[in-house]
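This report concerns only the one structure given below.
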Amino acid sequence: MSVARITPLTTVVDLSRRRGQVRFRSDVRDSARHVFAVDLYSHLREKHPDTHVGYWVFALPEGEAETTIGIDLTRISPGSLWKETAAGREPALDSWSNPDYVFDPILGIQLVLRRDGRVLENRFVTGRVADPEVLRSYYHRVHAEEGYTPAEPFLHELHAAMLGKLERLFLAHFAPGARVLDAGCGRSLFTEIRPAWPFRIVAADVDHDLLASRRAEFREIDWVVAGAHPLPFRGATFDGVFAGELIEHLAEPAAGVAEFARVLRPGGTLILTTPNRRRLANVVDGSDRPYSPDHLTELSYDETGALLRAHGFQVVSATGLHLELLLNWLSPLPKLDRLQRGWNRPWAVPIMRALLAAGALAPRYALDLVFVARRRG
Numbered sequence: 023m024s025v026a027r028i029t030p031l032t033t034v035v036d037l038s039r040r041r042g043q044v045r046f047r048s049d050v051r052d053s054a055r056h057v058f059a060v061d062l063y064s065h066l067r068e069k070h071p072d073t074h075v076g077y078w079v080f081a082l083p084e085g086e087a088e089t090t091i092g093i094d095l096t097r098i099s100p101g102s103l104w105k106e107t108a109a110g111r112e113p114a115l116d117s118w119s120n121p122d123y124v125f126d127p128i129l130g131i132q133l134v135l136r137r138d139g140r141v142l143e144n145r146f147v148t149g150r151v152a153d154p155e156v157l158r159s160y161y162h163r164v165h166a167e168e169g170y171t172p173a174e175p176f177l178h179e180l181h182a183a184m185l186g187k188l189e190r191l192f193l194a195h196f197a198p199g200a201r202v203l204d205a206g207c208g209r210s211l212f213t214e215i216r217p218a219w220p221f222r223i224v225a226a227d228v229d230h231d232l233l234a235s236r237r238a239e240f241r242e243i244d245w246v247v248a249g250a251h252p253l254p255f256r257g258a259t260f261d262g263v264f265a266g267e268l269i270e271h272l273a274e275p276a277a278g279v280a281e282f283a284r285v286l287r288p289g290g291t292l293i294l295t296t297p298n299r300r301r302l303a304n305v306v307d308g309s310d311r312p313y314s315p316d317h318l319t320e321l322s323y324d325e326t327g328a329l330l331r332a333h334g335f336q337v338v339s340a341t342g343l344h345l346e347l348l349l350n351w352l353s354p355l356p357k358l359d360r361l362q363r364g365w366n367r368p369w370a371v372p373i374m375r376a377l378l379a380a381g382a383l384a385p386r387y388a389l390d391l392v393f394v395a396r397r398r399g
């Protein structure tokens with residue numbers, strides 16, 4: 023009987039200098055009939071050849087073994103990946119590479135095992151390119167002044183549900199006349215929810231051109247060009263901070279949360295949303311696949327709460343948004359939310375709304391997390 027198994031020894035590889043290693047265990051019987059390849063794409067943007075870094079084919083030993091694949095993408099070529107052996111570097115048996123590839127912040131490193139042309143295993147490892155220039159280039163290429171509301175029903179419903187939840191939280195926790203920081207604001211969700219608020223908003227983001235256009239449209243908001251850490255404000259100057267879908271874009275989320283605590287007055291409120299690293303699909307897959315190509319550091323429900331408490335916050339509430347509908351539980355391929363793929367159609371909107379609400383019942387497995395925390399002191 024043919025047996026085959028690939029198990030990554032880490033789910034995230036640091037490629038901030040375009041170099042790193044992927045280590046995995048394999049258990050392959052009848053190895054001559056199997057083909058193993060490492061395939062690199064921009065995460066969630068698998069379009070050949072534009073977002074395809076390349077693939078490299080290697081032989082795997084018979085039986086149980088531990089293998090290390092070296093990576094050097096400073097110059098993309100057939101020699102960019104190799105197998106580490108006791109005798110030194112063993113080159114790929116076959117490869118294709120794209121020397122013109124333009125880096126995204128996250129690479130999908132796929133460990134693919136085939137037998138007779140059929141995929142037996144496709145294990146995913148995140149390659150994290152934590153480079154500010156790569157991030158800036160990515161945002162200009164992909165997001166350049168896009169609105170938040172997409173055409174697809176699922177993301178439209180997710181966005182609407184999030185805006186409704188945030189409006190209730192903003193009005194409940196940010197008092198009239200308060201000074202509120204919208205950190206990493208982008209176009210600012212405050213402007214997407216309603217035209218005016220009873221508190222003062224300072225919106226900060228690194229995108230100078232985007233803020234210039236928003237300033238012309240929303241003059242009642244104070245738009246400031248600034249990164250998340252360090253923030254260019256004195257300590258204890260805000261009554262509230264909103265960090266919406268921000269900390270996952272930071273290589274060091276702890277540094278960002280420390281800055282939120284610093285600029286908040288004692289008793290001030292932080293409202294934070296972020297994708298859940300341990301959402302249902304990742305738990306079932308045993309992976310840490312980022313939800314988006316620019317998410318450098320996703321955190322779980324427990325990790326987010328612990329991070330807030332470690333930086334002087336008391337968690338007031340923590341809830342979730344959306345439980346994924348997985349219909350390929352037994353497949354060797356990555357688990358997918360059917361509502362974001364084949365069922366992303368108007369007829370499925372009632373199912374979407376039910377599962378969006380279900381995220382509050384099991385927040386540890388929800389797609390997105392919403393935390394309200396109060397600064398102690």
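Count along the sequence shown from 1, then add 22; that gives the number in the numbering used here.
Here a beta-carbon is modelled for each residue, glycine too, at the ideal position from N, C-alpha and C.
Beta strand (DSSP E) containing residue i: first to last residue?
| i | result |
| --- | --- |
| Phe80 | 74 to 80 |
| Val44 | 41 to 50 |
| Leu391 | 390 to 397 |
| Asp244 | 244 to 247 |
| Asp122 | Per DSSP, Asp122 belongs to no beta strand (DSSP E) and is neither H nor E. |
State the DSSP-derived secondary structure class of residue i, mapped to helix, strand or coil.
| i | result |
| --- | --- |
| Arg55 | helix |
| Leu268 | coil |
| Tyr170 | Reliability fails at Tyr170, whose pLDDT of 48 lies under 50, so the model's placement of it is uncertain and no value is given. |
| Ser235 | helix |
| Pro84 | In the sequence as presented, Pro is not what sits at residue 84; that position holds Glu. Residue state, collapsed to three classes: coil. |
| Ile373 | helix |
| Phe260 | strand |
| Tyr63 | strand |
| Leu129 | strand |
| Ala226 | strand |
| Pro100 | helix |
| Pro30 | strand |
| Gly110 | strand |
| Val35 | strand |
| Pro312 | coil |
Using beta-carbon positions only, say whether residue i and residue j come within less than 7 Å of one another.
| i | j | result |
| --- | --- | --- |
| Leu62 | Phe46 | no |
| Ala250 | Gly206 | yes |
| Glu143 | Ile28 | yes |
| Ala226 | Ala248 | yes |
| Val338 | Pro175 | no |
| Phe221 | Val246 | no |
| Phe393 | Leu294 | yes |
| Ile98 | Tyr77 | no |
| Val44 | Val147 | yes |
| Asp310 | Tyr160 | no |
| His195 | Thr291 | yes |
| Leu268 | Tyr323 | no |
| Ala273 | Leu318 | yes |
| Ile131 | Gly110 | no |
Where do the ends of the alpha helix (DSSP H) carrying residue i lie?
| i | result |
| --- | --- |
| Pro297 | Premise fails: Pro297 lies in the beta strand (DSSP E), 286 to 297, not in any alpha helix (DSSP H). |
| Ala384 | Looking at the DSSP string, Ala384 is not in any alpha helix (DSSP H), and its letter there is neither H nor E. |
| Glu106 | First-last for Glu106: 103 to 107, but that is the beta strand (DSSP E), not the alpha helix (DSSP H). |
| Glu325 | 323 to 332 |
| Asp307 | 302 to 307 |
Go through its chain and collect everything with a Cβ distance to residue i's Cβ below 7 Å, but skip five positions before and after it.
| i | result |
| --- | --- |
| Asp401 | This structure cannot speak to residue 401, because the chain is shown only from 23 to 399. |
| Pro113 | Gly101, Trp104 |
| Leu191 | Ile293, Val394 |
| Thr171 | In this prediction, Thr171 scores a pLDDT of 48, lower than 50, which makes its location untrustworthy; the coordinate-derived value is nonetheless stated afterwards. Contacts found: His178, His181. |
| Leu193 | none |
For residue i, which residues in the same chain have their Cβ closer than 6 Å to its Cβ, ignoring the five residues on either side in sequence?
| i | result |
| --- | --- |
| Gly381 | Gly342, Leu343, His344, Leu345, Ala388 |
| Leu82 | Ser48, Val50, Ser53, Phe58 |
| Arg398 | Gly334, Gln336 |
| Val285 | Leu253, Phe255, Thr259, Phe260 |
| Glu88 | Arg47 |
| Glu320 | Glu270, Pro297, Arg299, Pro312 |
| Glu106 | Thr90, Gly92 |
| Val156 | Phe125, Pro127 |
| Asp94 | Arg41, Ser102 |
What does a CB cutoff of less than 8 Å around residue i pick up in its chain, not counting 5 residues either side in sequence?
| i | result |
| --- | --- |
| Val151 | Leu37, Ser38, Arg40, Phe125, Asp126, Pro127, Ile128, Leu129 |
| Ile287 | Sequence check: residue 287 is Arg here, not Ile. These residues qualify, in order along the chain: Ala258, Thr259, Phe260, Asp261, Arg397. |
| Glu168 | Residue confidence for Glu168 is low, a pLDDT of 48 falling below 50, so the modelled location carries little weight and cannot support an answer. |
| Arg67 | Thr73, Asp126, Pro315 |
Should residue i be flagged as near chain C, meaning a C-beta pair shorter than 7 Å?
| i | result |
| --- | --- |
| Glu320 | Any reference to chain C falls outside this structure, which holds one protein chain only. |
With respect to 6 Å, is the separation between the Cβ of residue i and the closest non-hydrogen atom of the ligand MN below this value?
| i | result |
| --- | --- |
| Pro198 | Ligands are entirely absent from the displayed structure, and the ligand MN is therefore not among its contents. |
Runs of beta strand (DSSP E) wholly within the stretch 336 to 363 (minimum 3 residues, chain order): none
Secondary structure, alpha helix (DSSP H): runs of 4+ residues fully inside the stretch 174 to 212: 175 to 195
4-residue-minimum alpha helix (DSSP H) runs that sit fully inside the stretch 133 to 160, ordered along the chain: 154 to 160
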